[in-house]
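First the structure, in the form of structure tokens, and then the observations on it.
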Amino acid sequence: MKKSKLKLCLQLLLSFMKIGVVTFGGGYAMIPIIENETSKKRKWVSGEDLLDIVAISESTPGPIAICAASFIGYRVVGVIGAFMATLGVVLPSFVIIFLISMFLREFSSYDIVKYAFVGIRAGVLALIIKAVISMFKKAPKNILAYIIMAVAFALVVLFSTNVLVIILSSAVVGIVASYIARKRGKELK
Amino acid sequence: MIYLILFLEFFKIGAFTFGGGYAMIPFIQETVAKHNWMSTAELVDFIAVSESTPGAFAVNISTYVGSQVGGFFGAVCATTGVVMPAFLIIILIAKIYDKFKNSKTVKGAMFGLKSVVVGLIASTVVSIGLEIFFANGFTTSVFATSSFWFSLVVFAIMLFLLLYKKFSPVLIVVLSATLGIVAGYTGII
Chain A
1 MKKSKLKLCL QLLLSFMKIG VVTFGGGYAM IPIIENETSK KRKWVSGEDL LDIVAISEST
61 PGPIAICAAS FIGYRVVGVI GAFMATLGVV LPSFVIIFLI SMFLREFSSY DIVKYAFVGI
121 RAGVLALIIK AVISMFKKAP KNILAYIIMA VAFALVVLFS TNVLVIILSS AVVGIVASYI
181 ARKRGKELK
Chain B
1001 MIYLILFLEF FKIGAFTFGG GYAMIPFIQE TVAKHNWMST AELVDFIAVS ESTPGAFAVN
1061 ISTYVGSQVG GFFGAVCATT GVVMPAFLII ILIAKIYDKF KNSKTVKGAM FGLKSVVVGL
1121 IASTVVSIGL EIFFANGFTT SVFATSSFWF SLVVFAIMLF LLLYKKFSPV LIVVLSATLG
1181 IVAGYTGII
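Below is the structure:
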């Protein structure tokens, strides 16, 4: 491996470790920090590239942090770069959670922790409702989309249908609907 | 072979969850219940832990479940599993992403996926809500318990703070934990 390539790999590892350490909660909260580190400071990608990365990670599976790390790392030094950046972004939370996991169950037998979690569980429910609302805002707004939402909801709540089956079916329905719409000269939005 | 099972189950989760973060919860909930890896209450507690530590939710939850089930190597297998699909897909499409972005089929599938995620997370609200408010079954005697009313009040306050005061998730976790501790030591719950 060339020396410059090795240096870039190390830089990718360290930059993405930094990104992994400072972002709480993950998701879109990471974008400004990724932009600062990889675009403004390192000049690895342009601001426009970052918009593309957001668009791509929205249409590919997996966490946005992993998508961004793989994409930027690949752009800079190819597959090995993608690997280093992804390793960097994963490592901090892996280490922290692994340490927590060693004593979380033990911890939860203390009264103070038990009480805290009674409050926390109610708070988490509010967090999930917030997530439903923000997902709804990003979702398509038409009758077919609402039907997909309602059917998925009912299938899980009433019939405990396999989630994977529901996810795959929704993709198929979307693809079929977009072809039908185009045949009629319309665009599915 | 527990390591292989961890890897494959989390690979599936990584491969089929679009939108990241909370969109993964219904799928994770189904998986951990199937293998008896984690109760719903524990999952809810862990969402709070994940919100208060750095990194993506997917990485945090796979590290945690992996280490609980299979120790350090289990954590490595689960985390590698959840990260790998996004990593591979990004490397594959990094070169052809303009074509990918404008593909009619991808757009159609995204229509379905963005819609289905809303229904799926909404179903999580129901199952987690039942767990929090009716942990011992749906009976009217629940309404006579102070812990039911405590949870309801905390939930309402946190939802208000999230939606109208734009509080951060970490702050919500800290606040509801504090309320739980105060209520616990004053004998309210």
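Chains as they are written, first to last, in this note's numbering: chain A, 1 to 189; chain B, 1001 to 1189. Ideal placement from N, C-alpha and C gives every residue a C-beta, glycine not left out. Computed from a predicted structure; not experimentally measured.
Item to complete: Taking only runs that begin and end inside the segment 57 to 130 of chain A, name each unbroken alpha helix (DSSP H) of 4 or more residues, in chain order.
Response: Fully enclosed alpha helix (DSSP H) runs of 4 or longer: 64 to 77, 79 to 107.
Discussion item. Does the CB of Thr1139 (chain B) have a neighbour CB from chain A at under 9 Å?
Written reply: By this cut-off, Thr1139 (chain B) is not an interface position.
Practice prompt. Please state if the CB of Phe117 (chain A) and the CB of Ala1048 (chain B) are separated by a distance shorter than 9 Å.
Written response: Yes; because the gap between Cβ atoms is below 9 Å, this pair is in contact.
Discussion item. In the DSSP assignment, the alpha helix (DSSP H) including Pro1054 (chain B) goes from what residue to what residue?
Written reply: Pro1054 (chain B) -> no alpha helix (DSSP H), and no H or E assigned at all.
Worksheet entry | Distance, Thr1105 (chain B) Cα to Arg182 (chain A) Cα | Near 11 Å, if we compare the C-alpha coordinates of Thr1105 (chain B) and Arg182 (chain A).
Item to complete: Give, in chain order, every unbroken run of the beta strand (DSSP E) that is at least 3 residues long and sits entirely within the segment 1066 to 1123 of chain B.
Response: Taking only runs of at least 3 residues, no beta strand (DSSP E) segment lies wholly in the segment 1066 to 1123 of chain B.
Discussion item. Can you give me the C-alpha to C-alpha distance between Tyr179 (chain A) and Gly1108 (chain B), rounded to a whole angstrom?
Written reply: Counting only the Cα atoms, Gly1108 (chain B) lies some 8 Å from Tyr179 (chain A).
Discussion item. Since Ile1090 (chain B) and Ile112 (chain A) should fall inside the 8 Å C-beta cutoff, what is the C-beta to C-beta distance between them, to a whole number of angstroms?
Written reply: In fact, because the Cβ distance is near 43 Å, the residues do not count as touching under 8 Å.
Item to complete: Could you check the C-alpha separation between Met17 (chain A) and Ser39 (chain A) for me, to the nearest Å?
Response: Met17 (chain A) and Ser39 (chain A): Cα-Cα distance of roughly 16 Å.
Worksheet item: Under the three-state reduction of DSSP, which class applies to Phe1018 (chain B): helix, strand or coil?
Response: Phe1018 (chain B) falls in the coil class under three-state DSSP.
Worksheet entry | Sub-9 Å separation of Ser93 (chain A) and Phe1087 (chain B) beta-carbons | No Cβ-Cβ contact shorter than 9 Å links Ser93 (chain A) with Phe1087 (chain B).
Worksheet item: List, in order along the chain, the chain B residues whose C-beta lies closer than 7 Å to that of Lys130 (chain A)?
Response: Listed along chain B are Leu1162, Leu1163, each with a C-beta nearer than 7 Å to that of Lys130 (chain A).
Practice prompt. Express the C-alpha separation of Cys1077 (chain B) and Ala1041 (chain B) in angstroms, rounding to a whole number.
Written response: Near 24 Å, if we compare the C-alpha coordinates of Cys1077 (chain B) and Ala1041 (chain B).
Worksheet item: Out of B:His1035, B:Asp1045, B:Val1032, which has the shortest C-alpha to C-alpha gap to Ser108 (chain A)?
Response: For the residues B:His1035, B:Asp1045, B:Val1032, the minimum Cα distance to Ser108 (chain A) belongs to B:Asp1045.
Worksheet item: alpha helix (DSSP H) containing Ala193 (chain A): first to last residue?
Response: This structure gives no information on residue 193 (chain A), because the portion of chain A shown stretches from 1 to 189.
Worksheet item: Identify the residues that DSSP records as bridge partners of Phe24 (chain A): which are they?
Response: DSSP, once it has assigned bridges, lists B:Pro1054 as partnering Phe24 (chain A).
Fill in: CB contact check: Met102 (chain A) to chain B, cutoff 9 Å
Proximity of Met102 (chain A) to chain B, defined by a Cβ-Cβ separation below 9 Å, is satisfied.
Item to complete: Compile a chain-ordered list of the residues in the segment 54 to 70 of chain A whose CB is closer than 8 Å to at least one CB of chain B.
Response: Listed in sequence order: Ala55, Ile56, Ser57, Glu58, Ser59, Thr60, Pro61, Gly62, Pro63, Ile64, Ala65, Ile66, Cys67, Ser70.
Fill in: Test item: CB-CB of Leu144 (chain A) and Phe1111 (chain B) under 9 Å
Yes, the pair counts as a contact, with Cβ atoms nearer than the cut-off.
Fill in: Neighbouring residues, chain A, relative to Lys1104 (chain B) (Cβ below 8 Å)
The contacting residues are Ser178, Tyr179, Arg182.
Worksheet item: What separation, rounded to the nearest whole angstrom, lies between the Cα atoms of Val79 (chain A) and Lys1095 (chain B)?
Response: Using only the alpha carbons, I get a separation of about 12 Å.
Discussion item. Please list the terminal residues of the continuous alpha helix (DSSP H) segment that includes Glu1030 (chain B).
Written reply: For Glu1030 (chain B), the enclosing alpha helix (DSSP H) has its first and last residue at 1025 to 1034.
Fill in: 9 Å Cβ cutoff, Ala1144 (chain B) in contact with chain A
Not one chain A Cβ lies under 9 Å of Ala1144 (chain B).
Discussion item. Using 8 Å for Cβ pairs, my map puts Ile66 (chain A) next to Val1083 (chain B). What's the rounded Cβ distance?
Written reply: Their Cβ separation, rounded to whole angstroms, is 5 Å, which keeps Ile66 (chain A) and Val1083 (chain B) in contact under 8 Å.
Practice prompt. Return the Cβ separation of Gly62 (chain A) and Gly73 (chain A) in integer angstroms, given the expectation that the two are a contact with Cβ distance under 8 Å.
Written response: Under the criterion of beta carbons closer than 8 Å, Gly62 (chain A) and Gly73 (chain A) do not qualify as touching, at roughly 14 Å.
Item to complete: Closer than 6 Å by C-beta to Ile1093 (chain B): which residues in its own chain qualify, once you throw out the five before and the five after it? Chain order, please.
Response: The residues are Phe1100.
Worksheet item: Since Leu1043 (chain B) contacts Val1059 (chain B) with CB under 8 Å, what's their CB separation in whole angstroms?
Response: So it is not a contact: roughly 16 Å between Cβ atoms.
Worksheet item: Nearest chain A C-beta to Phe1007 (chain B) closer than 9 Å, yes or no?
Response: Chain A contact via Cβ: absent.
Worksheet item: What does Asn1060 (chain B) reach in chain A if we use C-beta pairs closer than 7 Å?
Response: By Cβ distance, chain A contributes Ser93, Ile97.
Worksheet item: What is the residue span of the alpha helix (DSSP H) that Arg182 (chain A) lies within?
Response: Counting along the chain, the alpha helix (DSSP H) containing Arg182 (chain A) begins and ends at 163 to 183.
Discussion item. Please report whether the beta-carbon of Thr193 (chain A) lies at a distance below 9 Å from any beta-carbon of chain B.
Written reply: Since the first residue of chain A shown is 1 and the last is 189, residue 193 (chain A) is not available in this structure.
Discussion item. Taking contact to mean 3 or more Cβ pairs, one atom from each stretch, closer than 8 Å, check whether the segment 114 to 134 of chain A and the segment 1171 to 1180 of chain B are in contact.
Written reply: Because the criterion of three Cβ pairs below 8 Å is met, the segment 114 to 134 of chain A and the segment 1171 to 1180 of chain B touch.
Discussion item. DSSP three-state label for Thr1186 (chain B), please.
Written reply: If DSSP states are grouped into helix, strand and coil, Thr1186 (chain B) belongs with coil.
Practice prompt. Could you check the C-alpha separation between Ile986 (chain B) and Leu91 (chain A) for me, to the nearest Å?
Written response: Any property of residue 986 (chain B) remains undetermined from this structure, which presents chain B solely from 1001 to 1189.
Worksheet item: What span of residues does the alpha helix (DSSP H) with Trp1037 (chain B) cover, start to end?
Response: Per DSSP, Trp1037 (chain B) lies in no alpha helix (DSSP H) segment and is marked neither H nor E.
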